[in-house]
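Numbering (the working numbering), first residue to last: 591 to 731.
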């Protein structure tokens, strides 16, 4: 029995990890419906400038959702995920996360659980210095 491809949103920072996660999720059959950036109103956070992200989304022909987050951050993220699910039919979020922060749970997994949303991490466990352990480009070195 085949399962329908998930309707997904990519958590977007404008960087290489989120771009590679988008690419790999599409290769795996995900229907990426939008890019989403959770950002504080002052937009002073670890990501590329928001105008740059808007241009990337335009070039990818995907809507870019900018969701403002404020304290308490857990509630802000969960509200944004709930909105994506209810308004856009998103059932899966995709992240460019590669490894967990020592001793801390994965933030987006924890925020997605109460909303009933799936999380895909196509880059999880990869070597940050190399591409990956199983592609021909890396194995030919």
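No residue lacks a Cβ here, since even glycine has one placed at the ideal position from N, Cα and C.
Check, Outcome
"Are at least three pairs of beta-carbons, each pair with one atom in the stretch 662 to 679 and one in the stretch 640 to 651, less than 8 Å apart?", "no"
"Would residue 647 and residue 612 be called neighbours here (beta carbons separated by less than 8 Å)?", "no"
"Do residue 704 and residue 668 have their beta-carbon atoms positioned less than 8 Å apart in this structure?", "yes"
"Since residue 682 and residue 609 are thought to touch, with beta carbons under 8 Å apart, how far apart are those beta carbons, to the nearest angstrom?", "Contact doesn't hold; Cβ gap of about 18 Å is too wide."
"How many Å lie between residue 644 and residue 657 at the Cα?", "13 Å"
"At the level of alpha carbons, what is the spacing between residue 663 and residue 655?", "17 Å"
"Once the 5 residues before and after residue 604 are set aside, which same chain residues still bring their CB inside 7 Å of it?", "637, 638, 642, 643, 646"
"Would you say the beta carbon of residue 669 is closer than 7 Å to some non-hydrogen atom of the ligand ADP?", "Looking at this structure, you won't find the ligand ADP or any other ligand, since it has none at all."
"DSSP on residue 657, reduced to helix/strand/coil?", "strand"
"Please report the straight-line C-alpha distance between residue 694 and residue 617, rounded to a whole angstrom.", "30 Å"
"Among the residues of its own chain, which have a CB less than 7 Å from the CB of residue 606, if the five just before and after it don't count?", "none"
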